[in-house]
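J.:
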Amino acid sequence: MILNEEEQLILATVRQFLEKEVEPVAIEMEHRDEYPEDIVERMKEMGLFGANVPEAYGGQDLSYTVYAMIFEEIARVWMGLAGILGTHSVMCDVIARFGTQEQKQRFLPVLTRGEKRGAICLSEPEAGTDLQAIRTTAARKGDHYLINGSKMWITNGRRAEMLLILTKTDKDARPVYEGISTFIAEKGAPGLTISRDIDKLGYKGLETCELLFEDFRVPAENLIGGREGEGFKQVMTGLESERINVAARGLGVARAAFEEAIKYAQQRRTFGKPICEHQAIQLKLADMATKIEASRLLIYSAAEKKDRGERCDLEVGMAKLFATETAQECALEAMRVFGGNGYAKDFPVERYYRDAPLLIIGGGTNELQRLVIARNLLKKYSIRDS
Ligand SMILES: Cc1cc2nc3c(=O)[nH]c(=O)nc-3n(C[C@H](O)[C@H](O)[C@H](O)COP(=O)(O)OP(=O)(O)OC[C@H]3O[C@@H](n4cnc5c(N)ncnc54)[C@H](O)[C@@H]3O)c2cc1C
Numbered sequence: 002m003i004l005n006e007e008e009q010l011i012l013a014t015v016r017q018f019l020e021k022e023v024e025p026v027a028i029e030m031e032h033r034d035e036y037p038e039d040i041v042e043r044m045k046e047m048g049l050f051g052a053n054v055p056e057a058y059g060g061q062d063l064s065y066t067v068y069a070m071i072f073e074e075i076a077r078v079w080m081g082l083a084g085i086l087g088t089h090s091v092m093c094d095v096i097a098r099f100g101t102q103e104q105k106q107r108f109l110p111v112l113t114r115g116e117k118r119g120a121i122c123l124s125e126p127e128a129g130t131d132l133q134a135i136r137t138t139a140a141r142k143g144d145h146y147l148i149n150g151s152k153m154w155i156t157n158g159r160r161a162e163m164l165l166i167l168t169k170t171d172k173d174a175r176p177v178y179e180g181i182s183t184f185i186a187e188k189g190a191p192g193l194t195i196s197r198d199i200d201k202l203g204y205k206g207l208e209t210c211e212l213l214f215e216d217f218r219v220p221a222e223n224l225i226g227g228r229e230g231e232g233f234k235q236v237m238t239g240l241e242s243e244r245i246n247v248a249a250r251g252l253g254v255a256r257a258a259f260e261e262a263i264k265y266a267q268q269r270r271t272f273g274k275p276i277c278e279h280q281a282i283q284l285k286l287a288d289m290a291t292k293i294e295a296s297r298l299l300i301y302s303a304a305e306k307k308d309r310g311e312r313c314d315l316e317v318g319m320a321k322l323f324a325t326e327t328a329q330e331c332a333l334e335a336m337r338v339f340g341g342n343g344y345a346k347d348f349p350v351e352r353y354y355r356d357a358p359l360l361i362i363g364g365g366t367n368e369l370q371r372l373v374i375a376r377n378l379l380k381k382y383s384i385r386d387s
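Under the numbering used here, think of the first position of the sequence shown as 2, with each following residue one higher.
(1) Report the rounded CA-to-CA distance for Ile293 versus Ala255, giving the unit in angstroms.
(2) Relative to the C-alpha of Pro427, which candidate in Asn342, Cys210, Phe99 and Arg160 has its C-alpha closest?
(3) Measuring only the C-alpha atoms, how far is Lys121 from Thr88?
(4) Under the three-state reduction of DSSP, which class applies to Gly119: helix, strand or coil?
(5) Return the Cβ separation of Gly115 and Lys45 in integer angstroms, given the expectation that the two are a contact with Cβ distance under 8 Å.
(6) By the 10 Å Cβ neighbour count, where 16 or more other Cβ atoms means buried, how is Ala249 classified, buried or exposed?
(7) Pull the bridge partners of Ser151 from the DSSP assignment, please.
(8) Grab me the residues of Leu299's own chain with a C-beta within less than 6 Å of its C-beta, minus the 5 sequence neighbours each way, in chain order.
(9) Any Cβ of chain B within less than 8 Å of the Cβ of Lys105?
(10) Closest by CA to Leu315, which one among Leu109, Lys380 and Ala345?
(11) With a threshold of 16 other CB atoms inside 10 Å of the CB of Met237, please say whether the residue is buried or exposed.
(12) Within the same chain, show all residues whose beta-carbon is closer than 6 Å to that of Asp144, passing over the 5 residues directly before and after it, in chain order.
(13) Say whether the segment 29-45 touches the segment 328-337, bearing in mind that this needs 3 or more beta-carbon pairs closer than 8 Å, one atom from each stretch.
(14) Would you mind sorting Pro272 into buried or exposed? The rule is 16 or more other CB atoms within 10 Å of its CB.
(15) Judging by CA-CA distance, which residue of Arg385, Thr113 and Gly180 is the nearest neighbour of Asn53?
(16) Can we count Lys346 as close to ligand 1, meaning its CB is less than 7 Å from some heavy atom?
(17) Please classify Asn3 as buried or exposed, where buried requires at least 16 neighbouring CB atoms within 10 angstroms.
(18) Compute the Euclidean distance between the alpha carbons of Lys346 and Gly81, then round it to the nearest angstrom.
(19) Out of curiosity, what's the CA-to-CA distance linking Met30 and Gln104?
(20) So what does DSSP say about Cys184, is it helix, strand or coil?
(21) For the segment 70-153, which segments carrying the alpha helix (DSSP H) assignment without a break, of at least 4 residues, lie completely within its bounds, in sequence order?
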């Protein structure tokens, strides 16, 4: 992958920041489940909250390949930190692609500077994979909409100041997706309760919440794109960029696990030699490294297709599926290489093992990715018209 000078500089700056300012504190803050306030401030200064925003609105407008590389680097050091950026950047993507000119001008510069940060509210207690089954409604009342319902698993739900909310504006529409609309809501109006922070296995340092909307008022001009019924398409496109960032996070976690494992394997000795000289350990290292390299190539290939403006749900689905399953496998294999130490909080491997499963669930489960992949393949290889 050939990067221009500016892209190389951006990545070098991100790596240096992670090494100097995040790595030394990541383990302890993660164990305390502490929100990294100062680190987030530095990320704002570095322009990371506008990584995928067009330059016209103050953003960096980076290619998806560089965007993926940044997520890989951050997740390699602390996956939760990548989560603070992840849903925010999906919100930026949806507004930049589908927002009206007025919405882009009003929201993107503020999001880019990180003055306000975004969360995406799609999932509900009764609807995650099947997003068309959402029950949250938005009813028009003159110059505003009233939103009612509840959203579940909302990452950044407490600290984000702007919410992208998927709603039903027409419960009887057929097909169902034509009754779905998306809104940008700024916190402050009455009717929104953050009902709880969900206690999680991993993905620590940032909050994941349940949100309750009761006659929550959103101005009509905040309907994304200005037309009802477009929300499902907008969110599905936004999820392509989320799957690239989730895949890249998988790559970051897998790489971290591998790097720890290959280092430890050269230090730890059993039966008179370093464990890396036992063939059983070598097989693990070889498999981990091969799958990591394959993940990287799948991610870059999907990102390039997205940069060309082509439909890429097949490629993005493959990248997300493979890279995140690889993260899960590498985290477990690293734990085996570490033996008992892999299970101890003194070493980082147990953290990778707790962080990796979210990646196979979030951004659309890997079961769903397989369905999307198969659907695309059946279309591509259809024998109906031949
Ligand atoms: C830590 C965390 C953070 C999250 N952050 C956010 C966020 O910021 N915003 C947001 O909107 N959501 C968020 N989510 C929600 C996440 O997107 C959903 O959990 C995910 O989409 C799965 O939905 P579900 O949990 O309702 O599972 P379900 O949809 O109930 O699925 C349960 C199981 O059934 C399988 N399944 C479902 N349908 C099919 C089918 N047709 N064929 C085969 N298998 C199927 C699924 O793959 C899964 O294995 C987050 C989740 C977690 C755990």
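We treat Cβ as the ideally placed atom computed from N, Cα and C, and that holds for glycine. Bear in mind the structure is a predicted one, so any value in this text is a computation, not a measurement.
T.: Let's see:
(1) In this structure, the alpha-carbon of Ile293 lies about 7 Å from that of Ala255.
(2) Limits of the chain in this structure are 2 at one end and 387 at the other, which puts residue 427 out of reach.
(3) Checking the sequence, you will find Ile at residue 121 rather than Lys. The C-alpha of Thr88 is placed about 6 Å away from the C-alpha of Ile121.
(4) Three-state DSSP puts Gly119 in a strand.
(5) Right, the Cβ-Cβ distance comes to about 3 Å (below 8 Å), so this counts as a contact.
(6) By the 10 Å Cβ count, Ala249 comes out buried.
(7) Note: Ser151 sits in a beta bridge opposite Leu213.
(8) The beta carbon of Leu299 sits closer than 6 Å to the beta carbons of Met319, Ala320 and Phe323 from its chain, once the five residues preceding and following it are set aside; these are given in chain order.
(9) Chain labels in this structure do not include chain B; a single protein chain is all it has.
(10) Minimum Cα-Cα distance from Leu315 among the listed residues Leu109, Lys380 and Ala345 corresponds to Lys380.
(11) Under this definition Met237 is an exposed residue.
(12) Once the five neighbours on either side are set aside, the close Cβ partners of Asp144 are Ala221.
(13) No contact exists between the segment 29-45 and the segment 328-337.
(14) Checking the displayed sequence, the identity of residue 272 turns out to be Phe instead of Pro. Classification of Phe272: exposed, given that the 10 Å Cβ count is below 16.
(15) If you compare the alpha carbons of Arg385, Thr113 and Gly180 with that of Asn53, the shortest gap goes to Thr113.
(16) Distances from the CB of Lys346 to the heavy atoms of ligand 1 are all 7 Å or more.
(17) Residue 3 is actually Ile in this sequence, not Asn. Per the 10 Å Cβ criterion, exposed.
(18) Approximately 17 Å between the Cα atoms of the pair.
(19) Approximately 36 Å between the Cα atoms of the pair.
(20) Strictly speaking, residue 184 in this sequence is Phe, with Cys absent from that position. Note: Phe184 maps to strand in three-state DSSP.
(21) Listed in chain order, the alpha helix (DSSP H) elements of length 4 or more contained wholly in the segment 70-153 are 80-99 and 102-113.
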